[in-house]
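Data block below; observations after.
Numbering (our numbering), first residue to last: 2 to 212.
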């Protein structure tokens with residue numbers, strides 16, 4: 002079983018959007034997927050309750066994800082964790098249980114700085130166990146601006162991968178989250194972005210298997 006944690010302490014980074022769409026896309030590709038909602042706002046849980054074809058979703062109620070998530074091993078191939086927006090015990094626990102940490106960042110310096118705390122925890126864990134792998138995802142990029150491109154160089158200065166795929170600032174994501182569906186169901190550019198992100202995540206998980 003693989004565990005993908007989507008973490009950033011800054012609210013509005015697109016964390017829940019990425020977690021819900023990634024979990025759905027993985028499920029539709031035939032993986033047995035669970036979504037764990039570790040965000041006190043419980044947006045992912047509300048999304049799942051409204052939908053008819055959403056992955057099984059569990060609410061995390063304590064800071065022991067690294068103890069509880071492994072219990073899902075027999076039932077699921079991949080667990081996606083929608084992490085808390087602030088540095089809490091749940092966020093630290095998510096890093097401990099994850100094989101891959103995705104860090105959504107909007108194209109702004111403030112978002113990059115906010116991600117540093119997550120990276121510090123990831124790097125501390127890596128020194129002990131060699132895992133998890135970390136990767137930035139540029140999210141909510143505004144079309145027609147060069148901010149998403151200029152942030153690329155800044156992100157590459159950190160000890161983490163930078164995914165080529167990114168999500169745009171699109172109404173389709175907001176509408177899908179509110180309706181309990183995925184951007185995959187809306188078609189268009191948002192669906193293509195989700196598919197591209199899913200391709201990259203699967204490739205990273207395959208690389209881990211080969212290690």
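All C-beta atoms, glycine included, are put in the ideal place defined by N, C-alpha and C.
- Residue nearest to residue 2 within the set 67, 42 and 71 is 71 (criterion: CA-CA distance).
- Looking at the backbone, the Cα of residue 165 and that of residue 159 are separated by about 16 Å.
- In this structure, the CA atom of residue 183 is about 16 Å from the CA atom of residue 141.
- Counting along the chain, residue 18 sits inside no beta strand (DSSP E); it lies in the alpha helix (DSSP H) bounded by residues 16 to 29.
- Residue state for residue 164 is assigned as coil, using DSSP reduced to three classes.
- Just so you know, the alpha carbons of residue 95 and residue 79 end up roughly 14 Å apart.
- Relative to residue 108, the option among 139, 52 and 174 whose CA is nearest is 139.
- If you compare the alpha carbons of 203, 198, 130 and 173 with that of residue 189, the shortest gap goes to 173.
- By the Cβ-count criterion, residue 106 is buried, with 16 or more other Cβ atoms from all chains shown falling within 10 Å of its own Cβ.
- Residue environment: residue 22 is assigned as buried (16 or more neighbouring CB atoms within 10 Å of its CB, all protein chains considered).
- The alpha-carbon separation between residue 177 and residue 169 amounts to approximately 14 Å.
- Bridge pairing for residue 81: 5 and 36 [DSSP].
- Residue environment: residue 104 is assigned as buried (16 or more neighbouring CB atoms within 10 Å of its CB, all protein chains considered).
- In the DSSP assignment, residue 128 falls within the alpha helix (DSSP H) that extends over 110 to 130.
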